[in-house]
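Student: In my numbering, the protein residues as written are -17 to 223.
For each residue, glycine too, the CB sits at the ideal point set by N, CA and C.
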Ligand code: PGA
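1) Using the Cβ count rule (16 or more neighbours within 10 Å means buried), how would you classify residue -7?
2) Just the Cα atoms here: how many angstroms apart are residue 94 and residue 4?
3) Beta carbon of residue 196, beta carbon of residue 213: below 9 Å?
4) In chain order, what residues of the same chain have a beta carbon less than 7 Å from the beta carbon of residue -16, not counting five sequence neighbours either side?
5) From residue 176 to residue 96, what distance separates their C-alpha atoms?
6) Quick check on residue 75: does DSSP put it in helix, strand or coil?
7) Assess, as a yes-or-no matter, whether the segment 23 to 40 is touched by the segment 55 to 69 under the definition of 3 or more beta carbon pairs within less than 8 Å.
8) For residue 77, count neighbouring Cβ atoms within 10 angstroms of its own Cβ and tell me buried if that reaches 16, exposed if not.
9) Looking at residue 185 and the ligand PGA, is the gap between the Cβ and the nearest heavy atom below 8 Å?
10) If you run the structure through DSSP and keep just helix, strand and coil, what is residue 192?
11) Let me know the secondary structure DSSP gives residue 51 once reduced to three states.
12) Alpha helix (DSSP H) containing residue 227: first to last residue?
13) Give me the DSSP bridge partner(s) of residue 99.
14) Closer than 7 Å by C-beta to residue 99: which residues in its own chain qualify, once you throw out the five before and the five after it? Chain order, please.
15) Per the contact definition of three or more C-beta pairs closer than 8 Å, is the segment 199 to 211 in contact with the segment 163 to 170?
16) I'd like the list of long-range same chain contacts for residue 190, defined as Cβ closer than 6 Å, with 5 residues on each side in sequence excluded.
17) Under the criterion of a Cβ to heavy atom distance below 8 Å, does residue 146 qualify as lining the ligand PGA?
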């Protein structure tokens, strides 16, 4: 399974190093073979060795090699740290930072061209969810318009906007229904995100068509993220939790 941590605007270079040290120790000392991705802030990216199943990814980058885009980083800055995984289309970038469908697509096309593993986020707002599953799916398909969903290195994250950072989680029925409809069309690894935490991750990870989780708030403490990775491992090993 893919177990991903999105630090957002949390952690420093120093605290990320301690976090990754603890996480690496857990992975090295155990039989954990989950595909773990950590998205720290850009200032904490590095290319120090990590266990092979931990990947560092960028939360965002501008679709250029370099240039005059004050405040942005591009491929040149990511390549310095051998970063080849990126989160694109996160709802905070779409809805708080005003990223349009066009700019999401430009990022997708650029980083696809560079062969990055792209974790592409989609998800509806509450007013859409309240209109039912058809309206929800219509909204989600719109977010895929112009996106090359046949791209080999694509991972999708379904993250209902109303569940992100709110403590509200979609019910397993809602997750299963939405994931199944996405999977019917797109056969790609599909993560769920939105207030995933230790208490609910087992149920979510066992839901049909859930291939992993993208965790914000509950990933910021390493012990909590480690515990969720252990749950995923236990599920994959077929042990009851
Ligand atoms: P949350 O964030 O776990 O804090 O809801 C998830 C995300 O934004 O990816």
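Tutor: By the coordinates alone:
1) Sequence index remark: in the chain shown, residue -7 carries index 11 (1-based). Classification for residue -7: buried.
2) Here residue 94 refers to the residue found at position 112 of the chain shown. Here residue 4 refers to the residue found at position 22 of the chain shown. Those two C-alpha atoms are separated by around 32 Å.
3) Translated into the one-based positions of the chain shown, residue 196 becomes position 214. Translated into the one-based positions of the chain shown, residue 213 becomes position 231. Not a contact, by the Cβ cut-off of 9 Å.
4) Translated into the one-based positions of the chain shown, residue -16 becomes position 2. Closer than 7 Å at Cβ, skipping near neighbours: 17, 19, 137, 171, 173, 193 and 194.
5) Numbered from 1 along the chain shown, position 194 holds the residue referred to as residue 176. Numbered from 1 along the chain shown, position 114 holds the residue referred to as residue 96. When rounded, the separation of the alpha-carbon atoms in residue 176 and residue 96 is 29 Å.
6) As a first step, residue 75 must be located in the chain shown, where it is residue number 93. DSSP places residue 75 in helix when its eight states are reduced to three.
7) Taking a contact to require three or more Cβ pairs closer than 8 Å, the segment 55 to 69 and the segment 23 to 40 qualify as touching.
8) Start at 1 with the first residue of the chain shown, and residue 77 comes out as number 95. In this structure residue 77 is exposed. Its beta-carbon is surrounded by fewer than 16 other beta-carbon atoms within 10 angstroms.
9) For the purposes of this step, residue 185 is taken as residue 203 along the chain shown, with counting starting at 1. No, the beta carbon of residue 185 sits no closer than 8 Å to any heavy atom of the ligand PGA.
10) Counting from 1 along the chain shown, the entry for residue 192 is found at position 210. It is coil, neither helix nor strand.
11) Residue 51 sits at position 69 when you count from the first residue of the chain shown. The answer is coil: DSSP assigns residue 51 none of H, G, I, E or B.
12) Missing from the structure shown is residue 227; the chain here goes from -17 to 223 and no further.
13) In the chain shown, residue 99 corresponds to position 117, counting from 1. In the DSSP output, where bridge partners are listed per residue, residue 99 has 67.
14) As a working note, residue 99 is residue 117 in the chain shown. Around residue 99: 66, 67, 135 and 137.
15) Put simply, the segment 163 to 170 does not touch the segment 199 to 211. Fewer than three CB pairs are less than 8 Å apart.
16) Position 208 of the chain shown, counted from the start, is the residue given in the question as residue 190. 158, listed in sequence order.
17) Counting from one through the chain shown, the residue named residue 146 turns up at place 164. For the ligand PGA, at least one heavy atom lies less than 8 Å from the Cβ of residue 146.
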